[in-house]
Structure formats: structure tokens, C-alpha cells
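Trainee:
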Amino acid sequence: MVHILLVLFALFASSASVAAQEPTPGQLRAAERLVAVMQLESNSAQVTEQMVGYMRQAAPDTGVLSTESAREHRETMARELRQMFAEKMSWERMKPEYVRLYASLYTEDELRQLTAFYESPVGQKSIRIQPEVTARLLGIAQRLMAQPAPQQ
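Start counting the sequence shown at 66; every next residue gets the next number (my numbering).
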């Protein structure tokens, strides 16, 4: 499961970097402001916990382990996943990547417009409900993964 998550992050990063250009100092400053206004630091912690919960639920129950052993296995997996995120994807490591990504994909003017949006009431609501959106999307993904693929 951890490998799937890492592959998804790598695919996202590589697809985003295809269109990326070297950002200007102004773009970097504007992107840093946007990242702060979007409260990505606190949201990333919430998303991490949601992903840990999703991975815990998605872990297959093979029936080989006792119920207690399966629970312990899931808890161990959750601890290891949290530790991996803390070590490899801490905010200190991720913040410059977020800033550089946004700065490379948007113009300085677009970054300022995004910042203005996220400072608005509807932008603040979007920030507040993002963890719920993510949780619901993970639930949808889990439900779809459990269903057989449609016949074509």
C-alpha cells in the first residue's frame, strides 16, 4: 500500500513538472504567500491522517491472521506510514516543493489572483472543507475499488 501511495505522489510530481518552467523571484514570493494563505501546512497534516485511515481500512483481511493480529498489523502499518510521512514528507521538506510547483505553473499575476480568491469568504470555506472533500473522495475511491469494473 505504501508503494502505491509513493507511486501516486511520483506520478503527480512528474506530470506537474512536465509543464513547469523556471519561476521568477516574483513568482516564488507570490507562491509562498499563496501557500501560506491556503493553509497547506495544517491541511497536509489532516490529509496525511486521512490517508493513514484509508490505508488502514484498505489493508486486506486475508483471514490468515487472527482479528487481534490483523488489528495489530494495521496499527503497525499506520505507525510506519506516519513515520515515513514525518521523515520523508515533513512540512519543512514539502513547503519549498509546493512553492516551486505553484510558482512554475502560474504567472505572478495568476498567483496573486489565487491568493485573493483564497482570502475571500468562499476561498476560506474552500480551505476549511478541503479535508472533508478529500475524505469523501477517498471513500468514493474505496467504494469504486471494491466494485467490479464495468464491462466494455
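The beta-carbon is built from N, C-alpha and C at its ideal position, and this holds for glycine as well.
What's the call for L202, buried or exposed, on a 16-neighbour Cβ count within 10 Å?
Mentor: In the assembly as shown, L202 is an exposed residue. Its beta-carbon has fewer than 16 other beta-carbons within 10 Å.
Trainee: Among T132, M159, G118, R147, which has the Cα closest to the Cα of V100?
Mentor: M159
Trainee: Return yes when the Cβ of R144 is within less than 9 Å of the Cβ of V96, no when it is not.
Mentor: Correcting the residue identity first, residue 96 is Ala in this sequence and not Val. No.
Trainee: Less than 9 Å separating the beta-carbons of Y171 and M103?
Mentor: no
Trainee: When we look at the beta-carbon of T180 and count the other beta-carbons within 10 Å, is it buried (16 or more) or exposed?
Mentor: buried
Trainee: On the three-state DSSP scale, how would you describe E137?
Mentor: helix
Trainee: Assign Q216 to one of three DSSP states: helix, strand, or coil.
Mentor: coil
Trainee: State the Cα-Cα distance for the pair M116 and A200, rounded to the nearest angstrom.
Mentor: 8 Å
Trainee: How big is the Cα-Cα spacing for E87 and R177?
Mentor: The straight-line gap from Cα to Cα measures roughly 18 Å.
Trainee: Would you say T113 and F150 are within 9 Å of each other, going by their C-beta atoms?
Mentor: yes
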